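I have placed the structure first, in the form of C-alpha coordinates, so that the comments after it can refer back to it.
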(Lines of atoms letter the chains of each structure in order from A and count residues from 1; the text may use other names and numbers.)
(Lines give C-alpha, C1' and ligand atoms only; values in the text may rest on other atoms or scores of the structure.)
Protein backbone atom coordinates (compact mmCIF):
# COMPACT_ATOMS: atom_id res chain seq x y z
CA UNK A 1 0.00 0.00 0.00
CA UNK A 2 1.24 3.50 -0.71
CA UNK A 3 1.69 6.01 2.13
CA UNK A 4 -1.26 8.32 2.76
CA UNK A 5 -1.64 11.67 4.47
CA UNK A 6 -4.35 12.74 6.89
CA UNK A 7 -5.97 14.82 4.14
CA UNK A 8 -5.95 11.94 1.65
CA UNK A 9 -7.47 9.57 4.20
CA UNK A 10 -10.28 11.97 5.16
CA UNK A 11 -11.09 12.69 1.51
CA UNK A 12 -11.17 8.98 0.61
CA UNK A 13 -14.30 7.98 2.55
CA UNK A 14 -17.14 6.89 0.28
CA UNK A 15 -19.74 6.18 2.97
CA UNK A 16 -19.23 9.02 5.45
CA UNK A 17 -20.60 12.53 5.63
CA UNK A 18 -18.37 15.58 5.84
CA UNK A 19 -19.02 15.86 9.56
CA UNK A 20 -18.21 12.16 10.11
CA UNK A 21 -14.93 12.55 8.18
CA UNK A 22 -13.99 15.60 10.19
CA UNK A 23 -14.81 13.92 13.52
CA UNK A 24 -12.64 10.86 12.84
CA UNK A 25 -9.62 10.40 15.06
CA UNK A 26 -6.79 9.33 12.77
CA UNK A 27 -3.30 8.21 13.78
CA UNK A 28 -1.01 11.16 14.45
CA UNK A 29 2.10 9.46 13.07
CA UNK A 30 1.31 8.27 9.56
CA UNK A 31 5.03 7.74 8.95
CA UNK A 32 5.09 4.88 11.48
CA UNK A 33 3.28 2.11 9.57
CA UNK A 34 5.30 -0.17 7.34
CA UNK A 35 3.24 0.72 4.28
CA UNK A 36 4.94 -1.97 2.19
CA UNK A 37 3.61 -4.67 4.55
CA UNK A 38 0.03 -3.33 4.59
CA UNK A 39 -2.69 -4.51 2.26
CA UNK A 40 -5.05 -1.95 3.74
CA UNK A 41 -4.94 0.61 6.54
CA UNK A 42 -7.21 -0.30 9.45
CA UNK A 43 -7.90 2.29 12.12
CA UNK A 44 -9.75 1.97 15.43
CA UNK A 45 -11.00 5.28 16.81
CA UNK A 46 -9.66 5.59 20.38
CA UNK A 47 -12.35 8.12 21.31
CA UNK A 48 -15.25 6.08 19.92
CA UNK A 49 -14.53 2.38 20.56
CA UNK A 50 -17.32 1.11 18.27
CA UNK A 51 -16.06 3.17 15.32
CA UNK A 52 -13.37 2.02 12.90
CA UNK A 53 -12.28 2.64 9.35
CA UNK A 54 -10.32 0.99 6.59
CA UNK A 55 -8.60 2.55 3.61
CA UNK A 56 -7.50 0.51 0.62
CA UNK A 57 -6.08 1.18 -2.83
CA UNK A 58 -8.92 0.52 -5.23
CA UNK A 59 -8.41 1.24 -8.92
CA UNK A 60 -5.32 3.32 -8.03
CA UNK A 61 -7.31 5.55 -5.67
CA UNK A 62 -7.57 5.39 -1.88
CA UNK A 63 -11.07 4.31 -0.83
CA UNK A 64 -12.01 4.77 2.81
CA UNK A 65 -14.87 2.95 4.50
CA UNK A 66 -16.35 3.91 7.84
CA UNK A 67 -17.25 0.85 9.95
CA UNK A 68 -19.30 0.43 13.10
CA UNK A 69 -18.75 -2.55 15.37
CA UNK A 70 -22.02 -4.31 16.10
CA UNK A 71 -23.08 -5.33 19.59
CA UNK A 72 -23.78 -8.89 18.46
CA UNK A 73 -21.14 -11.41 19.48
CA UNK A 74 -20.88 -14.77 17.70
CA UNK A 75 -21.58 -17.84 19.84
CA UNK A 76 -18.47 -19.62 18.57
CA UNK A 77 -15.07 -18.30 17.53
CA UNK A 78 -15.52 -16.97 13.99
CA UNK A 79 -12.95 -16.85 11.23
CA UNK A 80 -11.93 -13.52 9.73
CA UNK A 81 -13.57 -13.02 6.33
CA UNK A 82 -10.52 -11.20 5.00
CA UNK A 83 -7.43 -13.12 6.12
CA UNK A 84 -9.14 -16.48 6.78
CA UNK A 85 -6.60 -17.10 9.53
CA UNK A 86 -7.47 -20.23 11.51
CA UNK A 87 -4.86 -19.63 14.23
CA UNK A 88 -6.05 -16.17 15.13
CA UNK A 89 -3.99 -14.40 17.78
CA UNK A 90 -6.82 -11.90 18.17
CA UNK A 91 -10.61 -11.58 18.29
CA UNK A 92 -12.86 -11.38 15.26
CA UNK A 93 -15.83 -9.01 15.45
CA UNK A 94 -18.75 -8.05 13.24
CA UNK A 95 -18.54 -4.65 11.57
CA UNK A 96 -21.31 -2.98 9.58
CA UNK A 97 -20.65 -0.46 6.83
CA UNK A 98 -23.24 1.85 5.34
CA UNK A 99 -23.20 1.54 1.56
CA UNK A 100 -22.21 4.60 -0.46
CA UNK A 101 -24.68 6.79 -2.33
CA UNK A 102 -28.45 6.33 -2.46
CA UNK A 103 -28.29 2.81 -1.05
CA UNK A 104 -26.56 4.07 2.10
CA UNK A 105 -28.96 6.98 2.45
CA UNK A 106 -31.80 4.43 2.39
CA UNK A 107 -30.10 2.58 5.25
CA UNK A 108 -28.57 -0.28 3.25
CA UNK A 109 -25.56 -1.76 5.04
CA UNK A 110 -23.18 -4.66 4.60
CA UNK A 111 -21.67 -6.67 7.46
CA UNK A 112 -18.31 -8.37 7.68
CA UNK A 113 -16.43 -10.47 10.26
CA UNK A 114 -12.92 -9.03 10.56
CA UNK A 115 -9.97 -9.15 12.96
CA UNK A 116 -10.86 -6.68 15.70
CA UNK A 117 -7.69 -4.60 15.38
CA UNK A 118 -7.08 -5.25 11.66
CA UNK A 119 -4.09 -7.59 12.00
CA UNK A 120 -4.88 -9.31 8.70
CA UNK A 121 -1.79 -8.08 6.84
CA UNK A 122 0.47 -9.52 9.55
CA UNK A 123 -1.54 -12.76 9.77
CA UNK A 124 -1.20 -13.62 6.08
CA UNK A 125 2.53 -12.87 6.02
CA UNK A 126 3.35 -15.58 8.58
CA UNK A 127 4.77 -18.70 6.98
CA UNK A 128 2.19 -21.48 7.27
CA UNK A 129 3.19 -24.85 8.70
CA UNK A 130 4.31 -27.46 6.21
CA UNK A 131 1.22 -29.46 5.23
CA UNK A 132 3.12 -32.29 3.53
CA UNK A 133 6.56 -33.20 2.22
CA UNK A 134 7.46 -30.74 -0.55
CA UNK A 135 4.82 -28.18 0.49
CA UNK A 136 5.83 -24.74 -0.83
CA UNK A 137 5.33 -22.52 2.21
CA UNK A 138 6.39 -19.34 0.37
CA UNK A 139 3.85 -19.93 -2.40
CA UNK A 140 1.15 -20.64 0.18
CA UNK A 141 1.95 -17.36 1.91
CA UNK A 142 1.81 -15.51 -1.43
CA UNK A 143 -1.61 -17.06 -2.12
CA UNK A 144 -2.86 -15.92 1.31
CA UNK A 145 -1.64 -12.36 0.67
CA UNK A 146 -3.38 -12.31 -2.71
CA UNK A 147 -6.58 -13.75 -1.20
CA UNK A 148 -6.59 -11.01 1.47
CA UNK A 149 -6.23 -8.33 -1.19
CA UNK A 150 -9.05 -9.87 -3.21
CA UNK A 151 -11.36 -10.18 -0.18
CA UNK A 152 -10.78 -6.58 0.95
CA UNK A 153 -11.16 -5.27 -2.60
CA UNK A 154 -14.47 -7.11 -3.10
CA UNK A 155 -15.80 -5.72 0.19
CA UNK A 156 -14.72 -2.17 -0.70
CA UNK A 157 -16.33 -2.44 -4.13
CA UNK A 158 -19.60 -3.69 -2.60
CA UNK A 159 -19.66 -0.67 -0.26
CA UNK A 160 -18.54 1.87 -2.85
CA UNK A 161 -20.78 0.65 -5.65
CA UNK A 162 -23.80 0.01 -3.44
CA UNK A 163 -24.22 -3.62 -4.56
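Residue numbers (our numbering): 1318 to 1480.
Glycine residues also receive a C-beta, built at the ideal position from the N, C-alpha and C atoms.
Just so we're clear, the structure is a prediction, and the values are computed from it rather than from any experiment.
- For residue 1331, the secondary structure class from DSSP, reduced to helix, strand or coil, is coil.
- Note on the stretch 1428-1461: whole alpha helix (DSSP H) runs with a minimum of 4 residues are 1437-1441, in chain order.
- When DSSP states are grouped into helix, strand and coil, residue 1390 belongs to the coil group.
- Following the DSSP letters along the chain, one finds residue 1418 in no beta strand (DSSP E) but inside the alpha helix (DSSP H) bounded by residues 1418-1422.
- For residue 1411, the enclosing beta strand (DSSP E) stretches over residues 1409-1415.
- Contact check for residue 1399 against residue 1321 fails: the beta carbons are separated by 7 Å or more.
- Setting aside the 5 residues that flank it on each side, residue 1461 is surrounded in the same chain by 1441, each with a C-beta closer than 6 Å to its C-beta; the list follows chain order.
- Cβ-Cβ distances below 8 Å link residue 1439 to 1354 in the same chain, with the five nearest sequence neighbours on each side left out; the list follows chain order.
- Judged by DSSP secondary structure, residue 1343 falls outside any beta strand (DSSP E); it is assigned neither H nor E.
- DSSP places residue 1398 outside both helix and strand once states are collapsed to three, so it counts as coil.
- Residue 1392 and residue 1385 have their alpha carbons spaced roughly 20 Å apart.
- Out of 1345, 1371, 1319 and 1459, the CA that lies nearest to the CA of residue 1333 is found in 1371.
- Taking the Cα of residue 1336 as reference, the smallest distance to any Cα among 1383, 1463 and 1443 is reached at 1383.
- Here the C-alpha atom of residue 1421 lies approximately 10 Å from the C-alpha atom of residue 1477.
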